[in-house]
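Enquirer:
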Amino acid sequence: MDAERQFKLGLIGVFRLEHQGREVAVSSRKARALLAVLALAPHGERSRVWLQDTLWSRSERSEAQGSLRRELSSIRQVLGDLTEALLEVGREAIRLRLERCEVDALERPIPSGSTLLEGLDLPGAEGFEDWLRAERLSERHSVAAPVRTAGSSTVSPATHLLVTLHLDIDRTPSGPVALVPDMVAQAIAAGLSESGFVRASIVERPQGRPVGPAIAPDIELHIRATAAGDASWVVVVAHRFSDGALLMSRQDGISTSGGWAATNGRVGTFAGQCVDQLLREALLRPPRQDELHMTRRAAFAAVEQMFSLNPADVIRSRDTWASVREYRENGIFNAWQAYQAVFLADPGHGYNYRLTLEECRENLNRALAEEPYNGLVLSLCAHVEAFLFRDFSTAWDLIDRAGLTGTRHVMYYDALSLLRFYSGRYDEARESATTALLTGRNLSYRYAFATTLLMIEGLAGNHQAAIAHGRRALQLEPANRQLSYPPILRYLGATLAHAGQVDEARALFGQLPEAERLAGTSNAVEAPLDALPSADSALFVKSALRLVGV
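Heads up: the sequence shown runs through residues 0 to 549, numbered per numbering that gives the first Met the number 0.
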């Protein structure tokens, strides 16, 4: 250890602080978290307001200020006269003296099988949990990829796109509005990393001093924010590093009114839209047509094929996934392929091919083994367990685990809303389904999210709202579809029938395959209505079929 660097801070694995080779026992979990966030902050420094909002996000300002003072006091009690050698405590900001402290997470990548700050969770501190999640997904804590320079034609052997997020912001504002840019950056970084295609890292540019990444990225994304009252006007712009091509630009005013949960929801919606647009531009319009880019593009296209409502494309997507997996095994790819079985196993789609349950189970098990802490993987697998294997206990366990990862992926909200719907929790289902529709409003398969709202309102007895969602779902279907989404036909037809609009209901039911209308048999293959996860939903549709005389 350097003579000047008398402290050593271990963040890889379990938290550990040493002074000249001897462990310093920091018993307070909040004090450990405080030292950790300072260690990984730009230049080791954070404002008091940032620390208060991150570590005590549910507390009032005065209470958070007192809590921060108490944790600093607990650190002084442990360090004694050494406190000033490690910390520089000012009226506005606090700095960890990195010139005197060696931090393992800054010196080397986290080895396989290890976790950043293992076991250091702070229940109720959503700001810290979001920060920790983003840091664990950050590229700077992963094994570095080969360096490339702008304009280089050399292709990195890395299997992920590298995205650097730059926070070009003024830290002058205080209060909740000051946290919005960091929340947006963390949400975008988490969403990109969760996709399975991207590794993202966040870099803050100190005022007047540009900071560049140690590794040349594929994409540079800049986040700029301006405070205006209780809102932050956020602008997100992404360029390709090699040629400077503009990939996306989005902006929105994010209000902090209504508390932490409301602000977090607005941030999640905006970040989800940024992630969807950037993935589409980066994966479907790559600068090179090499094998790596083609693999990413094929994986993205396979998802589009699954939701295309064209039987040939849906079956073709299985071959697309198989070709992708020949190049690279990936838990997310396996989870999507397991999810595909939900389409192919539903007789209402009219497909002649059915993915075997054994193959689906194999894909699901592989996905969970390879990516056990990925929110998207857990969400897709929860959907499969519930709606193909009818194992609701396992499905709820998986969706709960997905929620603990802090995922904001649209498929999490979709799976959660459907599980709540089939459990009869319509108000909660409506909330998560609305979030799914807002988050995925740029996706080609957003018709599926509108369909969930149709189902919820129909069973809740809100017929006019259900009919409006159903008509919108039909409008959102792909223009070149060969058939309509069977759940739209089932639930819109049923709602219309119960609302007395029998002729239109009969016309919609008439578009379903004959087997769909055989509601009197107990054979689940011949009558998929008998296999619906909810007895209430099956009764709702069956009684409507009898009303219209189908």
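Each residue gets a CB set at the ideal place from its N, CA and C atoms; glycine is no exception.
All figures in this text were calculated on a predicted structure; none of them were measured in a lab.
Going by CA-CA distance only, name the one from W130, F386, E98, Q481 that's closest to D52.
Expert: Taking the first residue of the sequence shown as 1, we reach residue 52 at position 53. That would be W130, whose Cα lies nearest to the Cα of D52.
Enquirer: Who pairs with I168 in a beta bridge, going by DSSP?
Expert: Walking along the sequence shown from the start, residue 168 turns up at place 169. Residue pairing for I168: DSSP places it in no beta bridge.
Enquirer: Rank V36, L39, L8, L37 by C-alpha distance to the C-alpha of A24 and give the top, closest one.
Expert: Numbered from 1 along the sequence shown, position 25 holds the residue referred to as residue 24. Comparing Cα positions, the closest option is L8.
Enquirer: Measure the CB-CB distance between I550 and A428 and report whether it falls below 7 Å.
Expert: Past the edges of the chain, shown from 0 to 549, lies residue 550, and the structure says nothing about it.
Enquirer: My guess is that Y425 and L458 are in contact by the Cβ rule of under 8 Å, so how many angstroms apart are they, rounded?
Expert: Reading the sequence shown from its first residue, position 426 is the one you call residue 425. Reading the sequence shown from its first residue, position 459 is the one you call residue 458. Confirmed, about 7 Å.
Enquirer: Helix, strand or coil: which one does DSSP assign to V25?
Expert: As a working mapping, residue 25 is identified with position 26 in the sequence shown. The answer is coil: DSSP assigns V25 none of H, G, I, E or B.
Enquirer: Please confirm whether V383 and Y421 have their CB atoms less than 7 Å apart.
Expert: Here residue 383 refers to the residue found at position 384 when the sequence shown is read from its first residue. Here residue 421 refers to the residue found at position 422 when the sequence shown is read from its first residue. Cβ distance not < 7 Å, so V383 and Y421 don't count as in contact.
Enquirer: Tell me which residue opens and which closes the alpha helix (DSSP H) that V501 is part of.
Expert: Counted from its first residue, the sequence shown places residue 501 at position 502. Taken as a continuous stretch (DSSP letters only), the alpha helix (DSSP H) holding V501 covers 501 to 508.
Enquirer: Between which two residues does the alpha helix (DSSP H) harbouring Q474 extend?
Expert: Locating residue 474 in the sequence shown gives position 475, counting from the first residue. Here the alpha helix (DSSP H) through Q474 covers 462 to 475.
Enquirer: Residue ranges of each alpha helix (DSSP H) run of no fewer than 4 residues wholly in the segment 30 to 81, ordered along the chain?
Expert: For the segment 30 to 81, whole alpha helix (DSSP H) runs of length 4 or above, ordered along the chain, are 47 to 54, 60 to 78.
Enquirer: For D399, does the three-state DSSP call read helix, strand or coil?
Expert: Your numbering for residue 399 matches position 400 in the sequence shown. For D399, the three-state secondary structure derived from DSSP is helix.
Enquirer: Can you tell me whether A414 is buried or exposed? The criterion is at least 16 other CB atoms within 10 Å of its CB, across all chains shown.
Expert: As a first step, residue 414 must be located in the sequence shown, where it is residue number 415. Per the 10 Å Cβ criterion, buried.
Enquirer: Smallest Cα separation from G123: which of P310, A447, P477, S56?
Expert: Here the question's residue 123 lines up with position 124 in the sequence shown. With distances taken between Cα atoms, G123 lies closest to S56.
Enquirer: Could you pull the DSSP bridge partners for E101 from this structure?
Expert: As a first step, residue 101 must be located in the sequence shown, where it is residue number 102. The partner list for E101 (beta bridge, DSSP) reads K7.
Enquirer: Starting from L625 and walking both ways along the alpha helix (DSSP H), at which residues does that stretch end?
Expert: The chain is shown from 0 up to 549; residue 625 falls before or after that span and cannot be answered.
Enquirer: In whole angstroms, what is the alpha-carbon distance linking E303 and T393?
Expert: The residue labelled residue 303 in the question sits at position 304 within the sequence shown. The residue labelled residue 393 in the question sits at position 394 within the sequence shown. Going by the C-alpha atoms only, they are around 27 Å apart.
Enquirer: What residue range is occupied by the uninterrupted alpha helix (DSSP H) comprising S431?
Expert: Within the sequence shown, numbered from 1, the residue matching residue 431 stands at position 432. Element bounds for S431: 425 to 438.
Enquirer: Answer with buried or exposed for Q336, where buried requires no fewer than 16 other C-beta atoms within 10 angstroms of its C-beta.
Expert: Sequence index remark: in the sequence shown, residue 336 carries index 337 (1-based). Buried, by the Cβ-count rule.
Enquirer: Give a yes or no on whether the C-beta atoms belonging to H462 and T494 are separated by under 7 Å.
Expert: Position 463 of the sequence shown holds residue 462. Position 495 of the sequence shown holds residue 494. Yes, these two residues count as a Cβ contact at 7 Å.
Enquirer: With a threshold of 7 Å between beta-carbons, can Q463 be considered close to chain E, or not?
Expert: Among the protein chains of the structure shown there is no chain E, as only one such chain exists.
Enquirer: Buried or exposed for P371, please, with buried defined as at least 16 other CB atoms from any protein chain shown within 10 angstroms of its CB.
Expert: Here residue 371 is taken as the residue at index 372 of the sequence shown, counted from 1. Exposed, since its Cβ has fewer than 16 Cβ neighbours within 10 Å.
Enquirer: Report the three-state DSSP secondary structure of T393 (helix, strand or coil).
Expert: Numbered from its first residue, the sequence shown carries residue 393 at position 394. Helix, per DSSP.
Enquirer: Go ahead and label R545 buried or exposed: buried means 16 or more other beta carbons lie within 10 angstroms of its beta carbon, across all protein chains shown.
Expert: Taking the sequence shown and counting its residues from 1, one reaches residue 545 at position 546. By the 10 Å Cβ count, R545 comes out exposed.
Enquirer: Look at the Cβ atom of T450, then the Cβ atom of I487, and state whether they are nearer than 7 Å.
Expert: In the sequence shown, residue 450 corresponds to position 451, counting from 1. In the sequence shown, residue 487 corresponds to position 488, counting from 1. Going by C-beta atoms, T450 is nearer than 7 Å to I487.
Enquirer: Buried or exposed, going by whether 16 or more other CB atoms sit within 10 Å of the CB of N551?
Expert: With the chain running from 0 to 549 in the structure shown, residue 551 is simply not present.
Enquirer: So the candidates are K541, C273, I253; which of them puts its Cα closest to the Cα of L442?
Expert: The count along the sequence shown starts at 1 and reaches residue 442 at position 443. Looking at the Cα atoms, C273 is the closest of the given residues.
Enquirer: Rounded C-beta distance between R45 and I93? I'm assuming under 8 Å.
Expert: Residue numbering aside, residue 45 sits at position 46 when the sequence shown is read from its first letter. Residue numbering aside, residue 93 sits at position 94 when the sequence shown is read from its first letter. Contact flag correct, Cβ pair sits at about 6 Å.
Enquirer: Does DSSP classify Q250 as helix, strand or coil?
Expert: Counted from its first residue, the sequence shown places residue 250 at position 251. Residue state, collapsed to three classes: strand.
Enquirer: Should L50 and L67 be called a contact, given that it needs their Cβ atoms to be closer than 7 Å?
Expert: In the sequence shown, counting from the first residue as 1, residue 50 sits at position 51. In the sequence shown, counting from the first residue as 1, residue 67 sits at position 68. The answer is yes: Cβ separation under 7 Å.
Enquirer: Just how far apart, CA to CA, sit S378 and W395?
Expert: Position 379 of the sequence shown, counted from the start, is the residue given in the question as residue 378. Position 396 of the sequence shown, counted from the start, is the residue given in the question as residue 395. Rounded to whole angstroms, S378 to W395 spans 10 Å at the Cα level.
Enquirer: Look up L86 in the DSSP assignment and say whether it is helix, strand or coil.
Expert: Numbered from 1 along the sequence shown, position 87 holds the residue referred to as residue 86. Note: L86 maps to strand in three-state DSSP.
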